[in-house]
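Here the structure comes first, spelled out in structure tokens, and everything after it is commentary.
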RNA sequence: CGGGGCGUAGCGCAGUUGGGAGCGCACCGCGUUUGGGACGCGGGGGUCGGCGGUUCGAGUCCGCCCGCCCCGACCA
């Protein structure tokens, strides 16, 4: 490819991302263009992404994957995808003869494997296996990953300077993206239920004020959070967690079928029969009540009385209020106890690059015995944008990028300088004749610009042909992070071809 | 929905008594330069988010509207 005709300018400045962020270098190297929430994969970036996808697809060969184009669903929205999936399975998986199958869809920013198996457990195992193979590829490209789990999903997390918050246990290695992380829950002592008693609590409209006023720990209170679903007919959702904990909106959203949630306003709250500031699940109506699984185990809580200035003591789940759903809906915080070993979790920043999970379905197929069994469905995916951003962050060197040879968008960066134009053309052809891909800087620009761009783009080899190199007997050849040497012109192409034969085991 | 912030050149921004529409990067032309993001001179580019008001005069003051970002829980 001639740089003279290439679309995409390297950038001097990237106000958007600081230099320790991999995305900074993707933008500067003209791999990405970013505007607001929109990301373009420029020609260089698209080649990089294509190479990554090729490498990832290659390792799934043992699953005999078949390519499909599926709707692009965000990971959090998988639950709302259920109806469409049911329709697909009912039509195309009538019996055991049609299982197992592995489908690959490669939409925009995500490579997804859809695993259909004879039971949910087998599907999950296969998806996890594919995920493991993909993680091995990414690790082979220099990306360190640590495993995360939570909400029945597995994650491969790549540490990143400006990643998303994740929680990790330094003792046992448990980790998960923060909204999905779980924590060990306390086991409250059994107590005899006390009678439901109203108590005047003027001005105690926050948990903290309430706990102080009554002289009790926040853990003895129930916190009510009102939300509204983002649907054509919004539902009011009433989430209850213990006063010292916080609600995880993603967990709640998944329970409710993947709908979006937003804070409810005062009118919504009053319409359900509750009083803001003194609200509780007692006697509310026309609302979906979801309580954290710790609440039924916690006797004699203090909760709002749905009356201005009053709370109840002795609130007990089951007797005083019921829920439509009971599940883990708290968001673990740094310092909370690890669900596996109880040691404090610590916050780390990471991008969730790989992910796998089973999908719930009630579609059945006929077994060889003629009985109905549930189709197992699971997905594994790689977020290509985060993968590339994390790879860039780890491929970054002082003055630009340094891609591993397997991944680089081109094999050789060829630069023509003054006095070397014609010979550079010949080298360009010779390199291509050896099967190498070449990015050829034939622009009218100063040497400094060309060298700087080569550093920003970060190909494994740089070949410079100019008056000076010719005087010294050939072309200057420089590995991205090594010393430059002068090679005789006729040796350049064959030697680089030989190097790549050794350092890249794919035929692509 | 409520609270806060921001809308000025392609991008990032400055603009305090209310009177000049500017700076950096990018872009175009000419010349010099040519192995580490060169320099000089010249140039193009704007509904200052929109509408209305105050004023001799509004990017600037007032009102309304639109758009984007952050915050929202019994959250400090």
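Residue numbers (my numbering): 25 to 532. For each residue, glycine too, the CB sits at the ideal point set by N, CA and C. Values in this document were obtained by computation on a predicted structure and should not be read as measured data.
task: Output the residue ranges of the beta strand (DSSP E) runs that lie fully inside the region 51-110 and measure 3 residues or longer, sorted by chain position.
output: 56-59, 62-65 and 90-92
task: List the whole-angstrom C-beta distance separating residue 534 from residue 108, where the pair is believed to meet the contact cut-off of C-beta under 8 angstroms.
output: Here the chain has residues from 25 to 532 only, and residue 534 is not among them.
- prompt: Within 10 angstroms of its Cβ, does residue 138 collect 16 or more other Cβ (buried), or is it exposed?
  reply: Against the first chain, residue 138 aligns to sequence position 114. It counts as buried.
task: Report the residue from 205, 32, 369 and 128 whose alpha carbon sits nearest the alpha carbon of residue 81.
output: The sequence position of residue 81 within the first chain is 57, counting from 1. Answer by Cα proximity: 128.
query: Taking Cβ to Cβ, would you say residue 182 is nearer than 8 angstroms to residue 203?
result: Along the first chain, one-based indexing puts residue 182 at 158. Along the first chain, one-based indexing puts residue 203 at 179. No, these two residues do not count as a Cβ contact at 8 angstroms.
query: Candidates 54, 301, 113 and 512: which alpha carbon is nearest residue 386's?
result: As a position in the first chain, residue 386 is number 362, starting the count at 1. Of 54, 301, 113 and 512, the residue nearest in Cα terms is 113.
- prompt: Counting Cβ pairs closer than 8 angstroms, one from the region 171-186 and one from the region 412-419, do we hit at least three?
  reply: yes
field: Nearest-angstrom beta carbon gap, residue 410 and residue 377 [assumed within contact, 8 angstroms]
entry: Here the question's residue 377 lines up with position 353 in the first chain. Here the question's residue 410 lines up with position 386 in the first chain. With a Cβ gap of about 5 angstroms, residue 377 and residue 410 count as contacting.
message: Applying the 10 Å Cβ sphere with the 16-neighbour rule, what's the burial state of residue 33?
response: Locating residue 33 in the first chain gives position 9, where the first residue counts as 1. Exposed.
query: Would residue 453 be called buried (16 or more neighbouring beta carbons within 10 Å of its own) or exposed?
result: What you label residue 453 is simply residue 429 of the first chain in a count that begins at 1. Result: exposed.
- prompt: If you drop the 5 nearest sequence neighbours on each side, which residues of the same chain put their C-beta closer than 8 angstroms to that of residue 515?
  reply: Here the question's residue 515 lines up with position 491 in the first chain. Counting only Cβ-Cβ distances below 8 angstroms, and skipping sequence neighbours, we find 498.
- request: Specify the secondary structure class of residue 470 as computed by DSSP and reduced to three states.
  value: Counting from 1 along the first chain, the entry for residue 470 is found at position 446. Of the three classes helix, strand and coil, the one that applies to residue 470 here is coil, per DSSP.
- prompt: How about the region 425-439 and the region 516-525: do they share at least three Cβ pairs that are nearer than 8 angstroms?
  reply: yes
query: Taking the C-alpha atoms as reference points, what is the distance between residue 320 and residue 353?
result: One-based indexing of the first chain puts residue 320 at position 296. One-based indexing of the first chain puts residue 353 at position 329. Their backbone Cα atoms lie some 13 angstroms apart in a straight line.
Contact check, residue 285 vs residue 261, beta carbons under 8 angstroms: The residue given as residue 285 occupies position 261 in the first chain. The residue given as residue 261 occupies position 237 in the first chain. Yes, the pair counts as a contact, with Cβ atoms nearer than the cut-off.
query: In terms of residues, what are the limits of the beta strand (DSSP E) holding residue 426?
result: Start at 1 with the first residue of the first chain, and residue 426 comes out as number 402. Unbroken run through residue 426: none, as it is neither H nor E.
message: The alpha helix (DSSP H) that contains residue 292, what's its start and end?
response: The residue labelled residue 292 in the question sits at position 268 within the first chain. 290-295 is the span of the alpha helix (DSSP H), which, as asked, contains residue 292.
- request: Would you tell me roughly how many angstroms separate the C-alpha atoms of residue 365 and residue 207, rounded to the nearest one?
  value: Residue numbering aside, residue 365 sits at position 341 when the first chain is read from its first letter. Residue numbering aside, residue 207 sits at position 183 when the first chain is read from its first letter. C-alpha separation (whole angstroms): 10 angstroms.
- prompt: Can you give the Cα-Cα distance for residue 275 and residue 201, rounded to whole angstroms?
  reply: If you number the first chain from 1, residue 275 lands on position 251. If you number the first chain from 1, residue 201 lands on position 177. C-alpha separation (whole angstroms): 12 angstroms.
message: Pairs of beta-carbons, one from the region 248-265 and one from the region 281-296, closer than 8 angstroms: are there three or more?
response: yes
field: DSSP beta-bridge partners of residue 191
entry: Taking the first chain and counting its residues from 1, the one referred to as residue 191 is at position 167. BP columns for residue 191 point to 200 and 371.
message: Looking only at its chain, what residues have a beta carbon closer than 6 angstroms to the beta carbon of residue 316, apart from the 5 residues adjacent to it on each side?
response: Numbered from its first residue, the first chain carries residue 316 at position 292. Around residue 316: 265, 353 and 354.
message: Could you compute how far the alpha carbon of residue 103 sits from the alpha carbon of residue 300?
response: What you label residue 103 is simply residue 79 of the first chain in a count that begins at 1. What you label residue 300 is simply residue 276 of the first chain in a count that begins at 1. The alpha-carbon atoms of residue 103 and residue 300 are separated by roughly 31 angstroms.
task: Could you check if residue 253 is buried or exposed, using at least 16 other CB atoms within 10 Å of its CB as the buried criterion?
output: Taking the first residue of the first chain as position 1, residue 253 is located at position 229. Under this definition residue 253 is a buried residue.
query: In the region 126-170, which residue ranges form an unbroken beta strand (DSSP E) of at least 3 residues, counting only runs that do not cross its ends?
result: 134-141
message: Is it buried or exposed, residue 239, if we count other Cβ atoms within 10 angstroms and call 16 or more buried?
response: As a first step, residue 239 is located in the first chain; it is residue number 215 there, counting from the start. Exposed, by the Cβ-count rule.
- prompt: What does a CB cutoff of less than 7 angstroms around residue 358 pick up in its chain, not counting 5 residues either side in sequence?
  reply: As a first step, residue 358 is located in the first chain; it is residue number 334 there, counting from the start. Answer for residue 358: 191, 369, 370 and 371, listed in chain order.
- prompt: Any idea what DSSP makes of residue 270, helix, strand or coil?
  reply: By 1-based counting over the first chain, the position of residue 270 is 246. Here residue 270 sits in strand by DSSP.
- request: Have a look at residue 135 and residue 330 and give me their C-alpha separation to the nearest angstrom.
  value: To locate residue 135, count along the first chain from 1; it is residue 111. To locate residue 330, count along the first chain from 1; it is residue 306. Taking the straight line from one Cα to the other gives about 49 angstroms.
Rounded distance between the beta-carbons of residue 165 and residue 431, thought under 8 angstroms: As a first step, residue 431 must be located in the first chain, where it is residue number 407. As a first step, residue 165 must be located in the first chain, where it is residue number 141. Indeed, because the Cβ distance is near 5 angstroms, the residues count as touching under 8 angstroms.
query: Rounded to a whole number of angstroms, what is the C-alpha to C-alpha distance between residue 158 and residue 217?
result: Mapped onto the first chain, residue 158 falls at position 134. Mapped onto the first chain, residue 217 falls at position 193. Going by the C-alpha atoms only, they are around 53 angstroms apart.
query: Excluding the five sequence neighbours on either side, which residues of its own chain have a C-beta within less than 6 angstroms of the C-beta of residue 525, listed in chain order?
result: In the first chain, counting from the first residue as 1, residue 525 sits at position 501. Once the five neighbours on either side are set aside, residue 525 has no close Cβ partner at all.
- prompt: If you check the beta carbons only, do residue 439 and residue 53 fall under 8 angstroms apart?
  reply: As a working mapping, residue 439 is identified with position 415 in the first chain. As a working mapping, residue 53 is identified with position 29 in the first chain. Not closer than 8 angstroms, so no.
CB contact flag (residue 223, residue 334, <8 angstroms): The residue labelled residue 223 in the question sits at position 199 within the first chain. The residue labelled residue 334 in the question sits at position 310 within the first chain. For residue 223 and residue 334, yes; Cβs fall inside 8 angstroms.
field: Counted within 10 angstroms of its Cβ, other Cβ atoms place residue 150 as buried (16 or more) or exposed
entry: Working through the first chain from its first residue, we reach residue 150 at position 126. Result: buried.
Cβ-Cβ distance between residue 489 and residue 441 below 8 angstroms: The residue you call residue 489 lines up with position 465 of the first chain. The residue you call residue 441 lines up with position 417 of the first chain. Closer than 8 angstroms, so yes.
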